[in-house]
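Position 124, counted from 1, in the sequence shown is what the working numbering calls 131; the numbers after and before it change by one each time, with no gaps. The beta-carbon is built from N, C-alpha and C at its ideal position, and this holds for glycine as well.
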Amino acid sequence: MNAPAPLTHPRVGVGCIVWKGDRILLVQRGKPPGEGEWSLPGGSQELGETLFETATREVMEETGVTAEALSILTAVDNIVHDAAGALLFHYTIVDVVAEWRAGAPVANDDARAVCWATAAEWEELVTWEPLKQVLRRAWTERQAPP
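Structure below.
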């Protein structure tokens with residue numbers, strides 16, 4: 008196995024908050040970083056791809072769900088070091104809000120499992136505090152009158 012190339016700059020990641028009524032689509036990650044943790048469907052932006060295109064592509068690849076990207080909620084940093092302090096990952100994650108349009112979710116690509124989660128459920132499932140803060144903000148904005 009070849010050693011990974013040294014990091015030279017942060018990568019752009021896109022997380023997609025897919026709403027279906029009052030539930031959010033979550034995936035259990037199948038690969039690092041955060042392997043085994045519950046998160047949003049998402050991944051790295053590809054060259055020539057918009058944030059919305061990345062969001063909808065990643066949702067389809069990981070879950071088989073068709074979603075319509077509508078807006079950008081926020082951005083967070085995910086910087087991971089190993090036990091010795093060496094930098095393993097550095098992602099700037101842009102969180103896109105979308106609405107479910109079609110499809111029943113199935114764990115595909117690098118997702119171990121997938122589910123629709125209410126606020127009470129994702130508060131229990133999600134362990135990464137920055138993502139909990141993003142989801143709380145998304146929930147608050149969803150509840151606000153138009």
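_Same chain only: Cβ atoms within 8 Å of I79, ignoring 5 sequence neighbours per side_ = Answer for I79: L58, V101, D102, V103, V104, listed in chain order.
*Write down every uninterrupted run of the alpha helix (DSSP H) in the region 104 to 142 whose length is 4 residues or greater and which is fully enclosed by it, in chain order.*
126 to 132
*Starting from the Cα of T15, find the closest Cα among V133, Y98, E130 and give me that residue.*
Y98
*Reducing DSSP to helix, strand and coil, say where D72 ends up.*
Before going on, a small fix: residue 72 reads as Val here, not Asp. Coil at V72, not helix or strand.
*Would a C-beta distance cut-off of 8 Å place I21 and A62 closer than the cut-off?*
First, the residue type needs correcting, since residue 21 is Val and not Ile in the sequence shown. Taking 8 Å as the Cβ cut-off, V21 and A62 qualify as a contacting pair.
*How big is the Cα-Cα spacing for R143 and E56?*
28 Å
*Indicate the three-state DSSP secondary structure (helix, strand or coil) for Q52 in the structure shown.*
coil
*Do three or more CB pairs link the region 133 to 142 to the region 43 to 54 at distances below 8 Å?*
Counting Cβ pairs under 8 Å, three or more are found: they touch.
*Leaving aside the five residues before and after I86 along the sequence, list all residues of the same chain whose C-beta is less than 6 Å from its C-beta, in chain order.*
H97
*What residue range is occupied by the uninterrupted beta strand (DSSP E) comprising L32?*
Counting along the chain, the beta strand (DSSP E) containing L32 begins and ends at 30 to 36.
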